[in-house]
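Student: Before we start, here is the structure in question, set down as structure tokens.
2 protein chains.
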Amino acid sequence: MISSWFHLNPRSGVPLYLQLKEQVKTAVAGGVLKPGDRLLPVREMADNLSVNPNTVARAYSELEREGLLSSEQGRGTFIRAAEPLLGEEERKIQVQGLMDKVLVEAFNLRLTPEELQLLWKQRLQAWETRLRGAKRGGW
Amino acid sequence: MISSWFHLNPRSGVPLYLQLKEQVKTAVAGGVLKPGDRLLPVREMADNLSVNPNTVARAYSELEREGLLSSEQGRGTFIRAAEPLLGEEERKIQVQGLMDKVLVEAFNLRLTPEELQLLWKQRLQAWETRLRGAKRGGW
DNA sequence: AAATATGTATTAATGTATTAATACAATTAT
DNA sequence: ATAATTGTATTAATACATTAATACATATTT
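From first to last, the protein sequence lines are chains B and Y.
Adding 5 to a residue's 1-based position in the first sequence gives its number in this note's numbering.
Adding 5 to a residue's 1-based position in the second sequence gives its number in this note's numbering.
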């Protein structure tokens, strides 16, 4: 059962709906959840995670607004297969903004460009590996 | 006057103290502010930004806790020159975490590893260029 | 020594975010 | 058709974050 991979920590300081959002996003980005896959119904997921159904509903609806999920009343909630909502250029700008934040943090931590470059290479490779594994149904 | 580069937007949704923190961090990472440089006193900075002195004090003290600034009662607040608070390994782990968040977002935006790699290269180069400029007193 | 400049601490006012309780709407299954 | 399943909307309770008001402590300057 897919949902059992999610678990929330009510004392982490991070809002429950955000924890769920991030876990879904990570699962999709990592290929654990694939386009067309169905998520548990809000109530079932809520039971599963021991939270109020609205908390799950909020996570789902925000992810839908972001283009990751597609919810249909009466039918269920699914991983969206269609094209991203944002255009190519906007998406790149968004990612660049995130990268710049990483760079600011990294330079303030006194990492050198060389160290940074090495770390990046490693992380990117780790994800590529994971993605290849997921395509073969690794999980 | 250094502080005039900062300006806050009270209606942006982002807390004032966070806006200031980020701007200081960006200035330091970009070489605009260098170790030993003095920031405006809390009251003066507050006047300048039209916020309560406590708001500035909070930004300063959090940045001090993070190792970026050094505040001394009666003397002022300065860009810290000493070694980072965290050890090499911890700093790398922190940066890796940030990189992973970028990767999750990017893959969910359907960027390919190749596109990602290109963007990264561009952003890193942009920062390296800026840093070289700052060392020659470019601003 | 006194005055000034500066960072720090305490408390309170206010707004916002988070979560929950509950009812509603649409689709599907019987 | 009816019941069951599922997502959606509204409202409210609560907690937390943000900012401000004010007083205090330490260093520097005169």
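Virtual Cβ for every residue (Gly too), placed ideally from N, Cα, C.
Does any CB atom of chain B fall closer than 8 Å to the CB of N2(Y)?
Tutor: Lying before the first or after the last residue shown, residue 2(Y) is absent from chain Y, which here runs from 6 to 144.
Student: Does the pairing of the segment 20-37 of chain B with the segment 66-75 of chain B give three or more beta-carbon distances under 8 Å?
Tutor: With a cut-off of 8 Å, the segment 66-75 of chain B and the segment 20-37 of chain B count as touching, because enough Cβ pairs lie within range.
Student: Per the contact definition of three or more C-beta pairs closer than 8 Å, is the segment 83-101 of chain B in contact with the segment 110-119 of chain Y?
Tutor: Because the criterion of three Cβ pairs below 8 Å is met, the segment 110-119 of chain Y and the segment 83-101 of chain B touch.
Student: Closer than 9 Å between beta carbons: that is the criterion. Which residues of the segment 20-32 of chain B meet it against chain Y?
Tutor: Result list: E27, K30 and T31.
Student: How is S17(B) classed by DSSP in three states: helix, strand or coil?
Tutor: On the first sequence, residue 17(B) is found 12 positions in, with the first residue counted as 1. It is coil, neither helix nor strand.
Student: At a CB-CB cut-off below 9 Å, which residues of chain Y make contact with L44(B)?
Tutor: Within the first sequence, the letter at position 39 stands for residue 44(B). Correct list: empty, because the minimum Cβ distance to chain Y is about 15 Å.
Student: Could you name each continuous beta strand (DSSP E) segment of 3 residues or more that falls completely within the segment 25-72 of chain Y, going from the start of the chain to the end?
Tutor: DSSP runs (the beta strand (DSSP E)) wholly in the segment 25-72 of chain Y: none.
Student: How would you label A86(B), buried or exposed, when you count the other beta carbons within 10 angstroms and need 16 or more for buried?
Tutor: The residue given as residue 86(B) occupies position 81 in the first sequence. Exposed, since its Cβ has fewer than 16 Cβ neighbours within 10 Å.
Student: Which term fits W132(Y), buried or exposed, when burial requires 16 or more other beta carbons within 10 angstroms of its beta carbon?
Tutor: Here residue 132(Y) is taken as the residue at index 127 of the second sequence, counted from 1. Looking at its Cβ environment, which holds 16 or more other Cβ atoms inside 10 Å, W132(Y) is buried.
Student: Quick one: give me the first and last residue of the alpha helix (DSSP H) that L74(Y) is part of.
Tutor: For the purposes of this step, residue 74(Y) is taken as residue 69 along the second sequence, with counting starting at 1. Unbroken run through L74(Y) is the beta strand (DSSP E), L74 to E77; no alpha helix (DSSP H).
Student: Using a Cβ-Cβ cut-off of 7 Å (strictly less than) and excluding sequence neighbours within five positions of V56(Y), which residues of its own chain qualify?
Tutor: Residue 56(Y) sits at position 51 when you count from the first residue of the second sequence. Excluding sequence neighbours, V56(Y) sits near L13 and L21.
Student: Using a C-beta cutoff of 8 Å, does A87(B) count as contacting chain Y?
Tutor: As a first step, residue 87(B) is located in the first sequence; it is residue number 82 there, counting from the start. Chain Y, which has no Cβ nearer than 8 Å to the Cβ of A87(B), makes this no.
Student: Is T134(B) buried or exposed, if buried means 16 or more other CB atoms sit within 10 Å of its CB?
Tutor: Numbered from 1 along the first sequence, position 129 holds the residue referred to as residue 134(B). Classification for T134(B): exposed.
Student: So, under 8 Å CB-CB, R128(Y) and L108(B) are touching, yes? Tell me the CB distance rounded to an integer number of Å.
Tutor: The sequence position of residue 128(Y) within the second sequence is 123, counting from 1. The sequence position of residue 108(B) within the first sequence is 103, counting from 1. Going by Cβ atoms, the distance from R128(Y) to L108(B) rounds to 6 Å, so yes, they are a contact pair.
Student: Got a sec: is the Cβ-Cβ distance from M104(B) to anything in chain Y below 8 Å?
Tutor: Numbered from its first residue, the first sequence carries residue 104(B) at position 99. So, interface residue.
Student: Using C-beta distances below 7 Å, list every residue in its chain close to A139(B), excluding the 5 sequence neighbours before and after it, in chain order.
Tutor: Numbered from its first residue, the first sequence carries residue 139(B) at position 134. Excluding positions up to five away in sequence, the list reads G35, G36 and V37.
Student: Run down chain B in chain order and give the residues with a C-beta less than 9 Å from the C-beta of A34(Y).
Tutor: Here residue 34(Y) refers to the residue found at position 29 when the second sequence is read from its first residue. Per Cβ cutoff of 9 Å: L108, V109, E110, A111, F112 and N113.
Student: Within 10 angstroms of its Cβ, does L74(Y) collect 16 or more other Cβ (buried), or is it exposed?
Tutor: Stepping through the second sequence from its first residue, residue 74(Y) is reached at position 69. L74(Y) comes out buried.
Student: Take the Cβ of L90(B) as the centre, count every other Cβ of all protein chains shown within 10 Å, and call the residue buried at 16 or more, exposed below.
Tutor: Position 85 of the first sequence, counted from the start, is the residue given in the question as residue 90(B). It counts as exposed.
Student: For V19(B), count neighbouring C-beta atoms within 10 Å of its own C-beta (all shown protein chains included) and say buried if the count is 16 or more, exposed if not.
Tutor: Here residue 19(B) refers to the residue found at position 14 of the first sequence. The residue in question, V19(B), is exposed, as its Cβ has fewer than 16 Cβ neighbours within 10 Å.
Student: Does F11(Y) come out as helix, strand or coil in the three-state DSSP assignment?
Tutor: Here residue 11(Y) corresponds to residue number 6 of the second sequence, with the count starting at 1. Residue state, collapsed to three classes: coil.
Student: If we count the other Cβ atoms within 10 Å of its Cβ and call it buried at 16 or more, is W144(Y) buried or exposed?
Tutor: Counted from its first residue, the second sequence places residue 144(Y) at position 139. Residue confidence is low: W144(Y) scores 42 on pLDDT, short of 50, so the model does not pin down where it sits. No coordinate-derived value is stated.
Student: How is the beta strand (DSSP E) around G102(Y) delimited, first residue to last?
Tutor: Within the second sequence, the letter at position 97 stands for residue 102(Y). Premise fails: G102(Y) lies in the alpha helix (DSSP H), E93 to N113, not in any beta strand (DSSP E).
Student: Would DSSP call T82(B) helix, strand or coil?
Tutor: Working through the first sequence from its first residue, we reach residue 82(B) at position 77. Reduced to three states, the DSSP call for T82(B) is strand.
Student: Do you know how far the Cα of G72(Y) is from the Cα of L54(B)?
Tutor: In the first sequence, counting from the first residue as 1, residue 54(B) sits at position 49. In the second sequence, counting from the first residue as 1, residue 72(Y) sits at position 67. Roughly 38 Å separates the two Cα atoms.
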